[in-house]
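Novice: Chains D and E, in that order, give the protein sequences. First residue of the first sequence: 0, per numbering that gives the first Met the number 0; consecutive thereafter. First residue of the second sequence: 0, per numbering that gives the first Met the number 0; consecutive thereafter. Note that beta-carbon positions come from the ideal geometry of N, C-alpha and C, so glycine has one too. First, the structure itself, so that you have it in front of you.
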Amino acid sequence: MKSVCFYFKIHQPFRLKRYRFFDIGNDHYYFDDFANDEIITRVAQQSYIPMTETLIQMVENSNREFKCSLSISGTAIEQLQLYVPEYIDLLKKLADTGCLEILAGTYSHSLSSLEDPEEFMREVKQHSDLIKRLFGLTPKVFANTELIYDDEIATLIAAMGYKVILTEGAKHILGWKSPDYVYSAISAPDVKLLLTNDKLADDIARNFNNTAWDEYPLTADKYVDWIASLPENEQVVNLYLSMDTFGTFLPKDTGIFEFMKALPYFGKEKGVAFTTPSEVTAKLKPVDALSVAFPISDIDEARDVSAWKGNELQNEALGKLYGVAERVSLCQDRRLKQDWEYLQSSDHFYYMSTKNMADGASHAAFSPYDSPFAAFTNYMNVLADFLVRVEEQYPENIDNEELNSLLLTIRNQASEINELNKEVKNLRNNILNADDSTNAPKEELVEIAEKDDVEAPAPKKRGRKPAAKTTAKKSKK
Amino acid sequence: MFGWEFPPHILGGLGTASYGLTKGMHANGNLDITFVIPKPWGDEEKGFANIIGACNTPVAWRDVSWDYVNQRIGKVMDPQTYFDLRDHIYADFNYMRLNDLGCIEFSGRYPDNLVEEINNYSIVAGVIARTVPCDIIHAHDWLTYPAGIHAKNVTGKPLVIHVHASEFDRSRGKPNPTVFAIEKDGMNNADHIITVSNLTRKTVIENYGIDPAKVTTVHNAVIPLDEETLNLKRTETKDKVITFLGRITMQKGPEYFVEAAAKVLKKDKNVRFVMAGGGDMEKDMIRLAAKRNIADRFHFTGFLRGKEVYQMFRDSDVYVMPSVSEPFGISPLEAMEMGVPSIISKQSGCAEILDNVIKTDYWDVDAMADAMHSIISNKALYNTLRDRGIEEIHGITWEKAGKKVIDIYNKVIESRQ
Chain D
0 MKSVCFYFKI HQPFRLKRYR FFDIGNDHYY FDDFANDEII TRVAQQSYIP
50 MTETLIQMVE NSNREFKCSL SISGTAIEQL QLYVPEYIDL LKKLADTGCL
100 EILAGTYSHS LSSLEDPEEF MREVKQHSDL IKRLFGLTPK VFANTELIYD
150 DEIATLIAAM GYKVILTEGA KHILGWKSPD YVYSAISAPD VKLLLTNDKL
200 ADDIARNFNN TAWDEYPLTA DKYVDWIASL PENEQVVNLY LSMDTFGTFL
250 PKDTGIFEFM KALPYFGKEK GVAFTTPSEV TAKLKPVDAL SVAFPISDID
300 EARDVSAWKG NELQNEALGK LYGVAERVSL CQDRRLKQDW EYLQSSDHFY
350 YMSTKNMADG ASHAAFSPYD SPFAAFTNYM NVLADFLVRV EEQYPENIDN
400 EELNSLLLTI RNQASEINEL NKEVKNLRNN ILNADDSTNA PKEELVEIAE
450 KDDVEAPAPK KRGRKPAAKT TAKKSKK
Chain E
0 MFGWEFPPHI LGGLGTASYG LTKGMHANGN LDITFVIPKP WGDEEKGFAN
50 IIGACNTPVA WRDVSWDYVN QRIGKVMDPQ TYFDLRDHIY ADFNYMRLND
100 LGCIEFSGRY PDNLVEEINN YSIVAGVIAR TVPCDIIHAH DWLTYPAGIH
150 AKNVTGKPLV IHVHASEFDR SRGKPNPTVF AIEKDGMNNA DHIITVSNLT
200 RKTVIENYGI DPAKVTTVHN AVIPLDEETL NLKRTETKDK VITFLGRITM
250 QKGPEYFVEA AAKVLKKDKN VRFVMAGGGD MEKDMIRLAA KRNIADRFHF
300 TGFLRGKEVY QMFRDSDVYV MPSVSEPFGI SPLEAMEMGV PSIISKQSGC
350 AEILDNVIKT DYWDVDAMAD AMHSIISNKA LYNTLRDRGI EEIHGITWEK
400 AGKKVIDIYN KVIESRQ
């Protein structure tokens, strides 16, 4: 019995409005509401809604045997809540069938896994909290932004407690190996890796509507046949597809929805199950450990991260953005935090790519800008204003080292407090166990605990003081 | 080939383009080129084309000795050519104002009696056409179209005209009827028309009503700069320098540069703006800069020549060409080769072939100011545009353009047979 896992990806960034340098310091709203509204509404009408309805039907018609999974970014959810709230209800309906698994990921579809491990962990947590709150599901399988993955990222993900990661079945990593097995991560042996089968996914995404293709037209019968006739040991086929493939790139009248609806029937006939990654990995053992020294992704011909980090412009923008990550994490301002989130979306950097040839066309197709230079200019203007706002909260003249040492003390103190609390608890238990004879020791302990409480906020105060001092000095000059 | 300007004595881009193209065609080999200009100075580069000066071509018989001719024009032209030309005088032009050699004087510039000079040029072309055997006649820009037509009538050889600019570009859509008539006449008589950009091609087809099949675009290129120019030392300045370089005329959109400068200076005081070049709108621009209250940071250099131009590029951090309508515009290519990031208007022909520049609409002062600010404040953008710009320019050569022109020649000659 072979298993097929469908992963549908939904992501929309908050696109930036045209923001000129003379707006820096004057205008703190960065987003092109009109474009964002227009795009997500259009894509939802054309694709997300009909596709999700199709999926619900498939689940119902197959007696809940058809299962699939969804990778949806936090920014996409926010936009859907704003502009197409009915779609969130539809997704809930699908989630309530119990046949949908939602994957964990980064909140803003960001590159934080490559840039800032702490921010990455924070984003993942924020994302999974949102999923839990909205759909009542706790994500267990991890799919990073565009499946970015390397050995280091694997350890981060493992540290967050995820046991399964979906990533790209990149040819240059696999070599002769097939993506249709479960692998494990070499840097985190407990973590199972699922790899996408690009060939079979492209047969749907790119070739379904391609009359020049020698297998055209693709029927559900034929497609399931291909999967069923894979070598016997190949147990799982992972198909990672952007949700807007269905309905947007492959319009309704190509018959794509009918194709999907027919899949479960033929699956049943030929012994192919449509299931979720959690179920698959529960059954299968890894056949081998994979080592990925340099990050891979599912974008562009090279399947690496050059789409976002391929030129000096992108690196500059990323460097400037993540340079303030620590300061932002100290901020309490909600709007600032929100902007921070939206500015991280990988799309902004994707638009700045100066690749030409085949990839360039797809970069340009998605970009709201004339040229990568325009994308860079606009983003840097917005970022400049954002940095000014961060600066207002945490002036730059406390240098990062000072800040780091303060952060370290705060963090250390937090863990110290935890330890002390534990100790207090232990002692308290001991005392209770020791048949409370005297009250005196108890009081002492309470005193210690109180002291800790007082100490905790103190470093924060200290953190702000130097800032105040230095600015005071400056103004005197 | 008939041209009006030739380096190093140039007044605009026409001379550079004619020179580059001729050189590029020569590099493709198997081609004898005779290049006619109104007034050679003797310091033009030789070797790839035989240069004949219209001002040294006799149109009336004068009995002069070889030595006398050699002494008079020897440094510009081989005296033998003079005598060859003298043998082909076809009418008596003694009623005209001629010099001791029986030649008409030319200024080689754009004088007030330009139309008269163009006419004289075409008289001379008759003599040259009778003297120098050719297979094809190539006329650069409207000034030489009448000469081209004349030569075509004399020799019966096909005429190719090269539109470097049209009257619609120069006048922002209000053409001078005399010039328009000369251009239209040239296009009607031409066997093929070469334009320097698709923008110009469109103008030729739409505004002059020419059959599209007869019009082909050959984009201009850039002549690689010599080591000396590339190694020019930068004059150290504290401030960033943003430069406009070109004729200060309506066509070049200088006022948009001033307006954008005002916007940038409102935010960032550590920038200087330079408007290099001369032209009929210079005074207006000085006034406008004063009115915008930026005169302390906005400088005028007057007309720059030769090396001064490249020194100006070298001292610039950004080059801006906000042309309202630019048939091609070769200066951004030169700026890029010097490693200066450029901002050009989408309405210029070179925007069709350049990738590593910032393109804005000429009227979009906000976008232009934004691009200026972005380049001077983001090192990464500056470096990217600089490095990729140099790389890109090295791929644009006159040799390739010359090859295309030769292909057109062959096609024209073939279709005649």
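Does the beta carbon of residue 259 (chain E) sit closer than 8 Å to a beta carbon anywhere in chain D?
Specialist: One-based indexing of the second sequence puts residue 259 (chain E) at position 260. Output row for residue 259 (chain E): interface = no.
Novice: Apart from the five residues on each side of it in sequence, which residues of its chain come closer than 8 Å, Cβ to Cβ, to residue 412 (chain E)?
Specialist: Locating residue 412 (chain E) in the second sequence gives position 413, where the first residue counts as 1. Taken in chain order, the residues that qualify are 134, 135, 157.
Novice: Under 8 Å, do residue 195 (chain D) and residue 144 (chain D) count as touching if we go by C-beta distance?
Specialist: Here residue 195 (chain D) corresponds to residue number 196 of the first sequence, with the count starting at 1. Here residue 144 (chain D) corresponds to residue number 145 of the first sequence, with the count starting at 1. Taking 8 Å as the Cβ cut-off, residue 195 (chain D) and residue 144 (chain D) do not qualify as a contacting pair.
Novice: Looking only at its chain, what residues have a beta carbon closer than 7 Å to the beta carbon of residue 208 (chain D), apart from the 5 residues adjacent to it on each side?
Specialist: Looking up residue 208 (chain D) in the first sequence gives position 209. Result list for residue 208 (chain D): 249, 253, in chain order.
Novice: State the start and end residues of the unbroken beta strand (DSSP E) segment that holds residue 8 (chain D).
Specialist: Start at 1 with the first residue of the first sequence, and residue 8 (chain D) comes out as number 9. Unbroken beta strand (DSSP E) run through residue 8 (chain D): 1-9.
Novice: What ranges does the beta strand (DSSP E) occupy inside the region 226-292 of chain E, keeping only unbroken runs of at least 3 residues that lie completely in it?
Specialist: With a minimum length of 3 residues, the continuous beta strand (DSSP E) runs that stay inside the region 226-292 of chain E are 239-244, 270-275.
Novice: Give every residue of the same chain whose Cβ lies closer than 6 Å to the Cβ of residue 418 (chain D), excluding the five residues on either side of it in the sequence, and list them in chain order.
Specialist: Within the first sequence, residue 418 (chain D) is the residue found at index 419, counting from 1. Taken in chain order, the list of residues that qualify is empty.
Novice: To the nearest angstrom, report how far apart residue 98 (chain E) and residue 21 (chain E) are at their CA atoms.
Specialist: Sequence index remark: in the second sequence, residue 98 (chain E) carries index 99 (1-based). Sequence index remark: in the second sequence, residue 21 (chain E) carries index 22 (1-based). Cα-Cα distance, rounded: 30 Å.
Novice: Cα separation between residue 348 (chain E) and residue 17 (chain D)?
Specialist: As a position in the second sequence, residue 348 (chain E) is number 349, starting the count at 1. As a position in the first sequence, residue 17 (chain D) is number 18, starting the count at 1. Cα to Cα, residue 348 (chain E) sits roughly 26 Å from residue 17 (chain D).
Novice: Hey, residue 119 (chain D) and residue 127 (chain D) are a contact pair by Cβ (cut 8 Å); roughly how many whole angstroms apart?
Specialist: Position 120 of the first sequence holds residue 119 (chain D). Position 128 of the first sequence holds residue 127 (chain D). Residue 119 (chain D) to residue 127 (chain D), Cβ: 13 Å. No contact.
Novice: Can you pull the chain E residues whose beta carbon is under 9 Å from the beta carbon of residue 19 (chain D), in chain order?
Specialist: In the first sequence, the residue the question calls residue 19 (chain D) occupies position 20. By Cβ distance, chain E contributes 262, 365, 366, 368, 369, 372.
Novice: Looking at the strands, I want to know which residues DSSP matches up with residue 344 (chain E).
Specialist: As a working mapping, residue 344 (chain E) is identified with position 345 in the second sequence. DSSP output for residue 344 (chain E) lists E:359 as bridge partner(s).
Novice: Shortest alpha-carbon distance to residue 202 (chain E) belongs to which of E:265, E:229, E:166, E:149?
Specialist: Translated into positions along the second sequence, residue 202 (chain E) becomes position 203. Of the listed residues, the one whose Cα sits closest to residue 202 (chain E) is E:166.
Novice: If you run the structure through DSSP and keep just helix, strand and coil, what is residue 339 (chain E)?
Specialist: Residue mapping note: residue 339 (chain E) aligns to position 340 of the second sequence, counting from 1. If DSSP states are grouped into helix, strand and coil, residue 339 (chain E) belongs with coil.
Novice: Just to confirm the assignment, what range does the beta strand (DSSP E) spanning residue 432 (chain E) have?
Specialist: What is shown of chain E runs 0 to 416, which leaves residue 432 (chain E) out entirely.
Novice: Select from E:291, E:237, E:245 the residue whose C-alpha is nearest the C-alpha of residue 258 (chain E).
Specialist: To locate residue 258 (chain E), count along the second sequence from 1; it is residue 259. For residue 258 (chain E), the nearest C-alpha among the options comes from E:291.
Novice: Determine, for residue 380 (chain E), whether the minimum Cβ-Cβ distance to residues of chain D falls below 8 Å.
Specialist: For the purposes of this step, residue 380 (chain E) is taken as residue 381 along the second sequence, with counting starting at 1. Taking Cβ atoms only, chain D reaches closer than 8 Å to residue 380 (chain E), which makes this a yes.
Novice: Flag this pair as yes or no: are the beta carbons of residue 342 (chain E) and residue 317 (chain E) separated by less than 8 Å?
Specialist: Numbered from 1 along the second sequence, position 343 holds the residue referred to as residue 342 (chain E). Numbered from 1 along the second sequence, position 318 holds the residue referred to as residue 317 (chain E). Yes, the pair counts as a contact, with Cβ atoms nearer than the cut-off.
Novice: Name the chain D residues that come within less than 8 Å of residue 357 (chain E), Cβ to Cβ?
Specialist: As a first step, residue 357 (chain E) is located in the second sequence; it is residue number 358 there, counting from the start. What residue 357 (chain E) touches in chain D: 370, 372, 373, 376.
Novice: Rounded to whole angstroms, how far is the Cβ of residue 309 (chain E) from the Cβ of residue 337 (chain E), which I believe are closer than 8 Å?
Specialist: Residue numbering aside, residue 309 (chain E) sits at position 310 when the second sequence is read from its first letter. Residue numbering aside, residue 337 (chain E) sits at position 338 when the second sequence is read from its first letter. At roughly 6 Å, the Cβ-Cβ gap stays under 8 Å, so residue 309 (chain E) and residue 337 (chain E) are in contact.
Novice: Step through the CB atoms of chain D and report whether any lies within less than 8 Å of the CB of residue 268 (chain E).
Specialist: Within the second sequence, the letter at position 269 stands for residue 268 (chain E). No, because no Cβ of chain D sits closer than 8 Å to the Cβ of residue 268 (chain E).
Novice: Residues in its own chain within less than 6 Å of residue 180 (chain D) by CB, not counting five upstream and five downstream?
Specialist: Along the first sequence, one-based indexing puts residue 180 (chain D) at 181. Counting only Cβ-Cβ distances below 6 Å, and skipping sequence neighbours, we find 286.
Novice: Are residue 140 (chain E) and residue 164 (chain E) closer than 8 Å when you measure CB to CB?
Specialist: Taking the second sequence and counting its residues from 1, the one referred to as residue 140 (chain E) is at position 141. Taking the second sequence and counting its residues from 1, the one referred to as residue 164 (chain E) is at position 165. In this structure, residue 164 (chain E) lies closer than 8 Å to residue 140 (chain E) by Cβ.
Novice: Could you name the residues of chain E that residue 310 (chain D) contacts, counting a contact when the two beta carbons are closer than 8 Å?
Specialist: Numbered from 1 along the first sequence, position 311 holds the residue referred to as residue 310 (chain D). Going along chain E in sequence order, the residues near residue 310 (chain D) (Cβ under 8 Å) are 383.
Novice: If you reduce the DSSP assignment to three classes, tell me which class residue 168 (chain D) lands in.
Specialist: Within the first sequence, numbered from 1, the residue matching residue 168 (chain D) stands at position 169. Coil, per DSSP.
Novice: Residue 260 (chain D) and residue 49 (chain D) - do their beta-carbons sit closer together than 8 Å?
Specialist: Residue mapping note: residue 49 (chain D) aligns to position 50 of the first sequence, counting from 1. Residue mapping note: residue 260 (chain D) aligns to position 261 of the first sequence, counting from 1. Not a contact, by the Cβ cut-off of 8 Å.
Novice: Using the three-state DSSP reduction, which class does residue 273 (chain D) fall into: helix, strand or coil?
Specialist: For the purposes of this step, residue 273 (chain D) is taken as residue 274 along the first sequence, with counting starting at 1. In the structure shown, residue 273 (chain D) sits in a strand (DSSP, three-state: E or B).
Novice: Sort out for me which residues DSSP pairs residue 57 (chain E) with in a bridge.
Specialist: Residue numbering aside, residue 57 (chain E) sits at position 58 when the second sequence is read from its first letter. Beta-bridge pairing links residue 57 (chain E) to E:102.
Novice: Please classify residue 8 (chain D): is it buried, with 16 or more other beta-carbons within 10 angstroms of its beta-carbon, or exposed?
Specialist: Within the first sequence, numbered from 1, the residue matching residue 8 (chain D) stands at position 9. That one is buried.
Novice: To the nearest whole angstrom, what separates the beta carbons of residue 298 (chain E) and residue 339 (chain E), a pair I think is in contact under 8 Å?
Specialist: Residue numbering aside, residue 298 (chain E) sits at position 299 when the second sequence is read from its first letter. Residue numbering aside, residue 339 (chain E) sits at position 340 when the second sequence is read from its first letter. About 17 Å; that fails the 8 Å criterion.
Novice: Within 10 Å of its beta-carbon, does residue 417 (chain E) have 16 or more other beta-carbons around it, so buried, or fewer, so exposed?
Specialist: Missing from the structure shown is residue 417 (chain E); chain E here goes from 0 to 416 and no further.
Novice: Buried or exposed, going by whether 16 or more other CB atoms sit within 10 Å of the CB of residue 321 (chain E)?
Specialist: Mapped onto the second sequence, residue 321 (chain E) falls at position 322. Burial call: buried.
Novice: Determine the burial state of residue 82 (chain E): buried for a count of at least 16 other Cβ atoms within 10 Å of its Cβ, exposed for fewer.
Specialist: Indexing the second sequence from 1 puts residue 82 (chain E) at position 83. Residue 82 (chain E) should be labelled exposed.
Novice: Taking just the CA atoms, how far does residue 329 (chain D) sit from residue 471 (chain D)?
Specialist: Indexing the first sequence from 1 puts residue 471 (chain D) at position 472. Indexing the first sequence from 1 puts residue 329 (chain D) at position 330. Because the pLDDT at residue 471 (chain D) is just 43, under 50, the model does not fix this residue reliably, and the value given afterwards should be weighed accordingly. If you take the alpha carbons of residue 471 (chain D) and residue 329 (chain D), they lie about 22 Å apart.
Novice: Can you tell me whether residue 139 (chain E) is helix, strand or coil according to DSSP?
Specialist: One-based indexing of the second sequence puts residue 139 (chain E) at position 140. Here residue 139 (chain E) sits in strand by DSSP.
Novice: For residue 20 (chain D), collect the residues of the same chain with a Cβ closer than 6 Å to its Cβ; drop the 5 residues on either side in sequence, then sort them by chain order.
Specialist: Walking along the first sequence from the start, residue 20 (chain D) turns up at place 21. Taken in chain order, the residues that qualify are 380.
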